[in-house]
Amino acid sequence: MVLDAPKAPMNPAWVSVLRYSCRWAASTQNALAASTQLTERLNLYGAFTRGFTFTEGSSDLGETFYLREFIENGIKGQCSDFADFLLCLMTSLGVAERAVQRTHSIVVDNRRKELSGGVYGLFVQFGTNLLRVAPYSFGGEGYFEWTFHQFCLNPTTQRVWDAAFRFWGSGYVLPDNMLRDQEYRDRLVRYYLFVYPEPDYSYTLYKFDPAYYWVPTPDAGFIPSVTASDMPPTP
Numbered sequence: 725m726v727l728d729a730p731k732a733p734m735n736p737a738w739v740s741v742l743r744y745s746c747r748w749a750a751s752t753q754n755a756l757a758a759s760t761q762l763t764e765r766l767n768l769y770g771a772f773t774r775g776f777t778f779t780e781g782s783s784d785l786g787e788t789f790y791l792r793e794f795i796e797n798g799i800k801g802q803c804s805d806f807a808d809f810l811l812c813l814m815t816s817l818g819v820a821e822r823a824v825q826r827t828h829s830i831v832v833d834n835r836r837k838e839l840s841g842g843v844y845g846l847f848v849q850f851g852t853n854l855l856r857v858a859p860y861s862f863g864g865e866g867y868f869e870w871t872f873h874q875f876c877l878n879p880t881t882q883r884v885w886d887a888a889f890r891f892w893g894s895g896y897v898l899p900d901n902m903l904r905d906q907e908y909r910d911r912l913v914r915y916y917l918f919v920y921p922e923p924d925y926s927y928t929l930y931k932f933d934p935a936y937y938w939v940p941t942p943d944a945g946f947i948p949s950v951t952a953s954d955m956p957p958t959p
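Just so you know, the sequence shown maps onto residues 725 to 959 in the numbering used here.
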């Protein structure tokens, strides 16, 4: 089942990716239904791990995704791997207007914020609400602390698809076609943690307000480069 010509970064589409996307999105008839079904299947069969990642050269403008190694490793990885692979699944079927985005910059100098009265703090991490990470049937539940989280979105409508976890709320809810700056953000973020003041950072500040430091980066998202090469050895 292919909806249209493949889109970047899957133009041309990889056969190994099409095996997953066509099987997982079977019987769907449009981009929205395919996006939903692909997100559900990746959440069911992928494994979210908080260790090794199959990305390299990450900046606020993009990264390289080692797609072949991610697949051969059994569809296991971090949020960046999940977001990049979900993008590949969608675009291999011809779904348009998809990119990936992060909740916050990965550049330390871009995580400074004036907290009050000219006092600047450095954003360290955000705490999540209760999540159940992939795979849904066997994944762990918990509250997590991350410096950023990466997801797939439509940059025009600002709707999010995220297969890495499900939110708790009258049962576990998959982030599927959720409005980024309302439903998704408010379900994800419990608090932000800052250290201040510069330069010694001797104090900490918690802000229990999901809108306080929500800075999706970059503004329009990015399309990762994908490669079949082997990842360079770890130094």
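C-beta atoms are modelled at their ideal positions from N, C-alpha and C, and glycine is treated no differently.
Is it right to say residue 831 is buried, meaning 16 or more other beta carbons lie within 10 angstroms of its own, or is it exposed?
exposed
Give the DSSP-derived three-state secondary structure of residue 784 in the structure shown.
coil
Apart from the five residues on each side of it in sequence, which residues of its chain come closer than 8 Å, Cβ to Cβ, to residue 951?
788, 789, 790, 791 and 792
Can you tell which of 796, 733, 726 and 794 has the C-alpha that lies nearest to the C-alpha of residue 946?
733
Rounded distance between the beta-carbons of residue 762 and residue 860, thought under 8 Å
Wrong, their Cβ atoms sit about 14 Å apart, outside the cutoff.
Nearest-angstrom Cα distance between residue 847 and residue 927?
12 Å
Whole-angstrom C-beta distance between residue 886 and residue 938, which should lie under 8 Å:
Contact doesn't hold; Cβ gap of about 15 Å is too wide.
Same chain, Cβ closer than 8 Å to residue 806, five either side skipped, listed in chain order
766, 770, 772, 858, 874, 886, 887 and 888
Can you check which of these residues, 818, 948 and 776, is closest to residue 799 by C-alpha distance?
776
Mind checking residue 758: buried by the 16 CB within 10 Å criterion, or exposed?
buried
Restricting to Cα atoms, I'd like to know which of 727, 784 and 778 is closest to residue 756.
727
Sort out for me which residues DSSP pairs residue 889 with in a bridge.
857
Just to confirm my understanding: we take residue 925, look at its own chain, exclude 5 residues before and 5 after, and list those with CB closer than 6 Å. What are they?
919
For residue 821, which of helix, strand or coil comes out of DSSP?
coil
Does the Cβ of residue 956 have 16 or more other Cβ atoms within 10 Å, making it buried, or fewer, making it exposed?
exposed
Give me the DSSP bridge partner(s) of residue 851.
869 and 915
Buried versus exposed, by CB contacts within 10 Å (16 or more), residue 940
buried
Residue 836 bridges to which residues according to DSSP?
846
Mind the definition here: the region 730-748 touches the region 808-827 only if three or more C-beta pairs lie below 8 Å; say whether that holds.
yes
Taking C-beta to C-beta, are residue 849 and residue 871 nearer than 7 Å?
yes
In DSSP terms, what residue 734 is bridged to:
None, per the DSSP bridge assignment.
Can you give the Cα-Cα distance for residue 833 and residue 915, rounded to whole angstroms?
21 Å
If you run the structure through DSSP and keep just helix, strand and coil, what is residue 749?
coil
Would residue 730 pass as a contact of residue 842 if the rule is Cβ separation under 7 Å?
no
For the alpha helix (DSSP H) that contains residue 802, what are its first and last residues?
No alpha helix (DSSP H) contains residue 802, which DSSP labels as neither H nor E.
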